[in-house]
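Novice:
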Amino acid sequence: MAQKPKVAITWLGACGGCDMAVVDLDAGLLDVADKLDIVLWPVALDYKYQDVQALSDCSLALAIISGCVRNDEHLEIARLLRQKAGLVLALGACACFGGTPGLANFVGRQEILDFVYRDAPTVENPEGTIPQEKSLVNGHELTLPAFHEKVRAIKQVIDVDYFLPGCPPPPHLISQAINAVLAGDLPPKGSALAPRRALCDVCPRNRKKPARLEIHQIRQIHTIETDPDYCFLEEGILCMGPATRSGCGETCIRNNMPCRGCFGPVAGVEDAGTKHLSALASILRTEQYFDLAQLVETIPDPAGLFYRFTQPVSILGKAALKMHPLDKERP
Ligand code: SF4
Ligand code: SF4
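Each residue of the sequence shown is one higher than the last, beginning at 6 in this note's numbering.
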């Protein structure tokens, strides 16, 4: 009997949602498990990293990696899987773009440690203890992975073959991606295994969108009752649909929430945030030029809104990473 293709599935800096999306394949999971030899999947199976280290190079058909790279363990596992796998698939927004953990790149490592362990109002830590890479407890040395200065997307530390964005990616796209790998039916290297069109093109609220759309007032979704037939932008609610890749099933929109861009930018766009910004700038309208500045001031947390999932791979994010090369990140 022919050997089944070996596959590793793992998470780095992640919440586990992408792994849960794999579990959500339901009956499809049994189908996938039947076709594959899964050699690593920490969320579901008790394999060890040593099992992967013992494999010969490129002996895995596929490594599916979710999560961002935030510490030395993430970096080590990403590099190990790259060495052992013929193909690497970055699964989910954190793996593809850095994701919401990438918002931490607006500050540095020390500020994060200080706030989380000393300064947060709920912290009780009179001795100001901060986790160390090495510490002695009862004569035993304990180690922790080094915490990096900045969050990185996987492609910023290893070569990635394919990308499947989303927070999390929907199970049907995961299943399609695995089947495409098994069948050898793949687009050019570097492609996203998701539709190329923008979310607005498939949005149910797009039907009545006027050709000329204007925003005179920015509103928050929780402050008004929206009409499910109208585009959020028409009601002054900021929605990232114009520049976001489709494929999610319009999950948020169908649940009366504007898109926040977890599928990343449409094909060919390098910086999702500037694209969102330029789409919005073209439809903001006020009577007086000076009123425009006031209107812009009403956008809550603009950096978090426009770069919610993509800060590390943005133009500014990449410039910041250049100032913190990985090899110099150890304190
Ligand atoms: S902006 Fe949002 S609500 Fe409007 S059509 Fe696009 S995705 Fe739909
Ligand atoms: S609507 Fe936008 S934020 Fe929501 S799941 Fe789809 S791409 Fe992600």
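Note that beta-carbon positions come from the ideal geometry of N, C-alpha and C, so glycine has one too. Predicted model, so just to flag it, every value in this text is computed and none were measured.
Fully enclosed by the segment 287–323, which alpha helix (DSSP H) runs are 4 residues long or longer?
Specialist: The segment 287–323 contains these whole alpha helix (DSSP H) runs: 294–302, 307–311.
Novice: Between residue 250 and residue 131, what straight-line distance do the alpha-carbon atoms span, to the nearest angstrom?
Specialist: 47 Å
Novice: Under 7 Å from any heavy atom of ligand 2, does the C-beta of residue 72 make it?
Specialist: no
Novice: Does the pairing of the segment 54–72 with the segment 198–217 give three or more beta-carbon distances under 8 Å?
Specialist: Contact fails: fewer than three Cβ-Cβ distances are below 8 Å.
Novice: Enumerate in chain order the residues of its own chain whose CB-to-CB distance from residue 118 is below 6 Å, with the five nearest sequence positions on each side excluded.
Specialist: 135
Novice: Determine whether the beta carbon atoms of residue 151 and residue 76 lie at a separation below 8 Å.
Specialist: yes
Novice: Would you mind working out which of 278, 273, 20 sits nearest residue 306, comparing C-alpha positions?
Specialist: 278
Novice: Given a cut-off of 8 Å on the beta-carbon distance, is the pair residue 1 and residue 313 in contact?
Specialist: Only positions 6 to 336 of the chain appear in the structure, and residue 1 is not among them; the question remains open.
Novice: Based on the DSSP secondary-structure assignment, which residues constitute the bridge partners of residue 148?
Specialist: 139
Novice: Counting Cβ pairs, one atom from each stretch, are 3 or more of them under 8 Å apart for the segment 184–199 and the segment 160–176?
Specialist: yes
Novice: Taking its Cβ as the centre, do 16 or more other Cβ atoms sit within 10 Å of residue 219, making it buried, or is it exposed?
Specialist: exposed
Novice: In whole angstroms, give me the CA-to-CA distance for residue 105 and residue 88.
Specialist: Distance between the alpha carbons of residue 105 and residue 88 is about 27 Å.
Novice: Less than 8 Å between C-beta atoms, sequence neighbours within five positions excluded: which residues of the same chain meet that for residue 162?
Specialist: 74, 80, 83, 84, 331
Novice: Just to confirm, are residue 16 and residue 24 a CB contact at a threshold of 8 Å?
Specialist: yes
Novice: Below 8 Å between beta carbons: does that hold for residue 243 and residue 223?
Specialist: A Cβ-Cβ contact shorter than 8 Å links residue 243 with residue 223.
Novice: Between which two residues does the alpha helix (DSSP H) harbouring residue 102 extend?
Specialist: 98–102
Novice: Taking the Cβ atom as the reference point for each residue, do residue 18 and residue 91 lie within a distance shorter than 8 Å?
Specialist: no
Novice: With distance defined between alpha-carbon atoms, name the residue in 52, 44, 70, 48 nearest to residue 64.
Specialist: Residue 44 is the option with its Cα nearest to residue 64.
Novice: Could you check the C-alpha separation between residue 101 and residue 271 for me, to the nearest Å?
Specialist: 13 Å
Novice: For ligand 2, is there any heavy atom lying closer than 7 Å to the beta carbon of residue 268?
Specialist: yes
Novice: From the DSSP output, which residues share a beta bridge with residue 92?
Specialist: Beta-bridge pairing links residue 92 to 67.
Novice: Answer with buried or exposed for residue 316, where buried requires no fewer than 16 other C-beta atoms within 10 angstroms of its C-beta.
Specialist: buried
Novice: Is there at least one non-hydrogen atom of ligand 2 closer than 7 Å to the beta-carbon of residue 204?
Specialist: Because some heavy atom of ligand 2 lies under 7 Å away, the Cβ of residue 204 counts as near it: yes.
Novice: Around the Cβ of residue 143, are there at least 16 other Cβ atoms within 10 angstroms (buried) or fewer (exposed)?
Specialist: exposed
Novice: Taking the alpha-carbon of residue 171 as reference, which of 269, 187, 202, 48 has the nearest alpha-carbon?
Specialist: 269
Novice: Which value, in whole angstroms, describes the spacing of the CA atoms of residue 275 and residue 42?
Specialist: 36 Å
Novice: Rounded to whole angstroms, what's the CA-CA distance from residue 13 to residue 40? Just pull it up for me.
Specialist: 13 Å
Novice: Pick helix, strand or coil for residue 37, following the three-state DSSP scheme.
Specialist: helix
Novice: Taking Cβ positions, are residue 67 and residue 50 nearer each other than 8 Å?
Specialist: no
Novice: Could you please give the first and the last residue of the uninterrupted beta strand (DSSP E) stretch that includes residue 57?
Specialist: Premise fails: residue 57 lies in the alpha helix (DSSP H), 54–58, not in any beta strand (DSSP E).
Novice: Using only CA atoms, which one of 70, 211, 293, 215 lies nearest to residue 103?
Specialist: 70
Novice: Just to confirm, does residue 210 get its C-beta within under 7 Å of one of the non-hydrogen atoms of ligand 2?
Specialist: no
Novice: Name the two residues that bound the continuous beta strand (DSSP E) containing residue 42.
Specialist: 42–45
Novice: Using a threshold of 7 Å, is the CB atom of residue 96 nearer than that to any non-hydrogen atom of ligand 1?
Specialist: no
Novice: Could you tell me which residues DSSP puts in a beta bridge with residue 248?
Specialist: Note: residue 248 sits in no beta bridge, so no partner.
Novice: For residue 147 and residue 46, what's the separation of their Cα atoms in angstroms?
Specialist: 25 Å
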